[in-house]
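The next block holds one structure in the form of structure tokens; read it before the comments.
Numbering (this note's numbering), first residue to last: 331 to 596.
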């Protein structure tokens, strides 16, 4: 069981995001983030004939998700228009992200715009850093293009969905390719981590990409276009999306995120 994140700090983060969200709604949200049409429903996969047995339906859902995940989101150029239900950033809007870390007063941490992209560095043993953007949703497809830059190979990149004061779901990818789907419970102090699914994948020495689905009761992960794993949950809640990193006994870790994309499915 992991128990790294400081509950008090993250409650402040989510409280800040709630206040920002309310302020944006009040002012008409003239910031950089595109406002979503709550009446628009995007259907990304076909669950098939309802008469199919459970095994066939599960296989079809997995194949449909795989088909969607193999082709990663192309980096748009200035002539392309990003759909209204998609948030895409190369972190030129880094000031819109709310950042927290284990030791906020330590100047060694880095959460920096890389022009384009983002570099994150956590300096300590059993350390953490997390950042969230004010985009609330229940069902979302997340895509991150990333690279491990250095440090301990037991450090991990984390991508979050449905993050709120009570908890968040996490897609965790370690430098050696090991992955986890898990849940951080913030109703206890310090936060506790439960692994829901895990396995081994292969990462390239340079850039890689992951796709994570939080859709209804199903959470699934794809790494470099290959199906990694999935899990079924009972607690479906609204929350924000985010990215972060963890370090363990090996010490400091540094990761690069080339882009972060969120496609809202609800």
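Where a beta carbon is used, it is the ideal one built from N, C-alpha and C, also for glycine.
Going along the chain, which residues of its own chain have a beta-carbon closer than 6 Å to the beta-carbon of residue 553, five neighbours each way excluded?
For the purposes of this step, residue 553 is taken as the residue at position 223 of the chain shown. 531 and 540, listed in sequence order.
Three-state secondary structure assigned by DSSP to residue 515
The residue you call residue 515 lines up with position 185 of the chain shown. Here DSSP, grouped into helix, strand and coil, assigns residue 515 to strand.
Check whether the segment 511–520 touches the segment 566–578, taking contact to mean three or more Cβ pairs, one atom from each stretch, closer than 8 Å.
Put simply, the segment 511–520 does not touch the segment 566–578. Fewer than three CB pairs are less than 8 Å apart.
Let's test the definition: count the other Cβ atoms within 10 Å of the Cβ of residue 379 and tell me whether it reaches 16, buried, or not, exposed.
Taking the chain shown and counting its residues from 1, one reaches residue 379 at position 49. Unreliable positioning characterises residue 379 in this predicted model, as indicated by a pLDDT of 45, which lies under 50. A coordinate reading is not provided.
What does a CB cutoff of less than 7 Å around residue 439 pick up in its chain, not counting 5 residues either side in sequence?
Indexing the chain shown from 1 puts residue 439 at position 109. Once the five neighbours on either side are set aside, the close Cβ partners of residue 439 are 431, 451, 452, 453 and 459.
On the CB-based measure, 16 or more other CB atoms within 10 Å of its CB, does residue 479 come out buried or exposed?
Position 149 of the chain shown holds residue 479. Classification of residue 479: exposed, given that the 10 Å Cβ count is below 16.
Applying the 10 Å Cβ sphere with the 16-neighbour rule, what's the burial state of residue 547?
For the purposes of this step, residue 547 is taken as the residue at position 217 of the chain shown. Label assigned to residue 547: exposed.
Once the 5 residues before and after residue 496 are set aside, which same chain residues still bring their CB inside 8 Å of it?
The residue given as residue 496 occupies position 166 in the chain shown. Closer than 8 Å at Cβ, skipping near neighbours: 515, 516, 517 and 567.
Which of helix, strand or coil DSSP assigns to residue 424
Residue mapping note: residue 424 aligns to position 94 of the chain shown, counting from 1. In the structure shown, residue 424 sits in a helix (DSSP, three-state: H, G or I).
Separation of residue 412 from residue 504, as counted between CA atoms
Against the chain shown, residue 504 aligns to sequence position 174. Against the chain shown, residue 412 aligns to sequence position 82. In a straight line, the C-alpha of residue 504 is about 30 Å away from that of residue 412.
Quick check on DSSP: helix, strand or coil for residue 290?
Here the chain comprises residues numbered 331 to 596, so residue 290 is not present and cannot be evaluated.
Residues of its chain near residue 577, where Cβ-Cβ distance is below 7 Å and the 5 sequence neighbours each way are ignored
Within the chain shown, numbered from 1, the residue matching residue 577 stands at position 247. 452, 454, 455, 456, 457, 482, 485 and 583, listed in sequence order.
Grab the span of the beta strand (DSSP E) containing residue 598 for me, first residue to last.
Because the chain here runs from 331 to 596, residue 598 falls outside it and cannot be looked at.
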